[in-house]
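So the sequence shown is numbered by the working numbering: it starts at 18 and just counts up by one. Even for Gly, the Cβ is constructed at its ideal location relative to N, Cα and C. All figures in this text were calculated on a predicted structure; none of them were measured in a lab.
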Amino acid sequence: MKRLRLSGQAEEMVKRLMNSKDTEKAGYIAAVDPQTGEVFYGKNVVEAAKEGRSVKHDPKAVFFFVRVGYPSVHVLKSIHLQGYMEQEYFPRIKGYVHERNLHLASSAPDDMPPLDFIADTGFSGSDAL
18 MKRLRLSGQA
28 EEMVKRLMNS
38 KDTEKAGYIA
48 AVDPQTGEVF
58 YGKNVVEAAK
68 EGRSVKHDPK
78 AVFFFVRVGY
88 PSVHVLKSIH
98 LQGYMEQEYF
108 PRIKGYVHER
118 NLHLASSAPD
128 DMPPLDFIAD
138 TGFSGSDAL
């Protein structure tokens, strides 16, 4: 499978969308054509891809997806694998997967406040639907 390469126009559009403060489109998914930089919006990846493919009259069109105003498209909320992960920094966070659920625990001294965090996949790229 070939790696998707963005044209200069498309790369500039992706940066503009990620840093956008447009309140009307904030949070929407933008499907960016990797060659032309054309943008098609939807409430999710499927809607954005359908819109782009409909306008381009190409049912196999490939896009680069961006969540408008955000650095990544998706945030990891759960994981469906069996395994174990551990962060080696203080405060220590341990996580394990059991019965398709990600369990996280923090081991910190009593005088430390609880640690809140979001696990982000950092996904940005093309998605073939």
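- Bounds of the alpha helix (DSSP H) holding Gly25 are Gly25 to Met35.
- For Ala48, the closest alpha carbon among the candidates Gly25, Val79 and Leu21 is that of Val79.
- DSSP places Val62 within a helical segment (H, G or I) once states are collapsed to three.
- Under the DSSP assignment, Ala47 falls in the beta strand (DSSP E) whose first and last residues are Ile46 to Val49.
- Between the alpha carbons of Leu23 and Gly59 lies a distance of about 20 Å.
- Under the three-state reduction of DSSP, Arg84 is assigned to strand.
- Counting other Cβ atoms within 10 Å of its Cβ, Val63 stays below 16 and is therefore classed as exposed.
- Using a 10 angstroms sphere on the CB of Val72, the tally of other CB atoms stays under 16, which defines it as exposed.
- The beta carbons of Asp50 and Ala65 sit no closer together than 8 Å.
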